[in-house]
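Residue 316 is where the sequence shown ends in the working numbering, and the numbering goes up by one at each step.
Just so it is clear, CB atoms sit at the ideal spot from N, CA and C, and this is done for glycine as well.
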Amino acid sequence: MNIKIITDSGMDLDKDLIEKYDIEVLNIPVIDSENEVLPEDMSADEFFEKMKEKEVYSTSQISEFEYRSCFSKYIEEKREIIYISLSSGISGTYNQAKMAQEGLLAEHPQGKIHVFDSKSATCGMGLLVAKAALMAQSGESAEFILDELEFIREHNIHTFSVTTFEYLVRGGRVSKGAATLGNLLNVRPVLEVSRSDGKLRKTAMVRGGNMLYKRIADGFADVYSEEIKDQTICISYGDDIEIAHKIKAELLKKTDFDEKNILIIQLGPVVGAHTGPGFLAIFFQNSIKDHRYQII
Numbered sequence: 021m022n023i024k025i026i027t028d029s030g031m032d033l034d035k036d037l038i039e040k041y042d043i044e045v046l047n048i049p050v051i052d053s054e055n056e057v058l059p060e061d062m063s064a065d066e067f068f069e070k071m072k073e074k075e076v077y078s079t080s081q082i083s084e085f086e087y088r089s090c091f092s093k094y095i096e097e098k099r100e101i102i103y104i105s106l107s108s109g110i111s112g113t114y115n116q117a118k119m120a121q122e123g124l125l126a127e128h129p130q131g132k133i134h135v136f137d138s139k140s141a142t143c144g145m146g147l148l149v150a151k152a153a154l155m156a157q158s159g160e161s162a163e164f165i166l167d168e169l170e171f172i173r174e175h176n177i178h179t180f181s182v183t184t185f186e187y188l189v190r191g192g193r194v195s196k197g198a199a200t201l202g203n204l205l206n207v208r209p210v211l212e213v214s215r216s217d218g219k220l221r222k223t224a225m226v227r228g229g230n231m232l233y234k235r236i237a238d239g240f241a242d243v244y245s246e247e248i249k250d251q252t253i254c255i256s257y258g259d260d261i262e263i264a265h266k267i268k269a270e271l272l273k274k275t276d277f278d279e280k281n282i283l284i285i286q287l288g289p290v291v292g293a294h295t296g297p298g299f300l301a302i303f304f305q306n307s308i309k310d311h312r313y314q315i316i
């Protein structure tokens, strides 16, 4: 395979799929009060437990130097690179990668580096990355892959919520006033990553935390049709896998979607640092251009 797919840890995908599709993942720094937390240092469950114990985490950016080091390796191997970044609407990783790309291509005009803004995060980004890697393994050209990625990006749906406002307030995503009002009214936000600019956007408010899993399942059930039946979708959770299974059960009750095409994947620390452990989400496409490239 002459095309190398590279991404960052704003993406969430099972390790076996990362290995299966030979995806290189660059780490976005996650920092506690003193040190950088590396993926091998702590499981997601441990990470969320620390958050509940009041540990505060922040995220930084992958440096231009790290991008240049990674990309240079594959330029020397004469491989074409497609780097898929965490949404530029919520992170500066895309801009850092673009600077590295421009600098390297000035030094190595023969190099082939494509930097693609996923306008996605966590498992929505993970599905996009895995499909790109599957296409690369299947021998498709970079032009074909990038064209397909643009279509997927335009039709990627991220519907998610959180069971508490605490961590959204801590990360500056929600004001303290809005959180106080939400708690008084016992409502929680339903959000999405906008496909136009990759930023977070509120789409609804749901009364009662117990209704959240049904509203998340409705994100898929409301647009479900035969045309989008043949795809892999992902349900994501923070520290409570049971809520992921509730979303799955609700989805299967409302549609005839094939259970084997549903991935359940835990949220990782990069996005989890901002949402907290009470995260629940579903990721899917509302239209499919090429039905060949589904990852399971």
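- For H175, the CB contacts under 6 Å within the same chain, skipping 5 residues up- and downstream, are Q305, N306, S307 in chain order.
- The shortest CA-to-CA distance from Q286 to any of P49, Y41, I26, S63 is the one to S63.
- Between the alpha carbons of S140 and E127 lies a gap of roughly 30 Å.
- Relative to P289, the option among P129, E39, C254, S78 whose CA is nearest is S78.
- Here the C-alpha atom of G112 lies approximately 18 Å from the C-alpha atom of E56.
- Annotation: the segment 97–168 contains the following complete segments of the alpha helix (DSSP H) (minimum length 4 residues), in chain order: 113–127, 142–157.
- Between the segment 114–133 and the segment 85–98, the count of Cβ pairs shorter than 8 Å is three or higher; the stretches touch.
- Contact between the segment 268–279 and the segment 211–225 is absent, with fewer than three C-beta pairs closer than 8 Å.
- Note: Y77 is not bridge-paired with any residue in the DSSP secondary-structure output.
- Taking L46 as the centre and dropping the five residues before and after it, the same chain places the C-beta of I26, T27, D28, S29, I82, E86, Y87, C90 closer than 8 Å to its C-beta, in chain order.
- Inter-segment contact for the segment 169–188 and the segment 296–303 is present: three or more beta-carbon pairs are separated by less than 8 Å.
- Looking at the DSSP output, F85 bridges to nothing.
- For M62, the secondary structure class from DSSP, reduced to helix, strand or coil, is coil.
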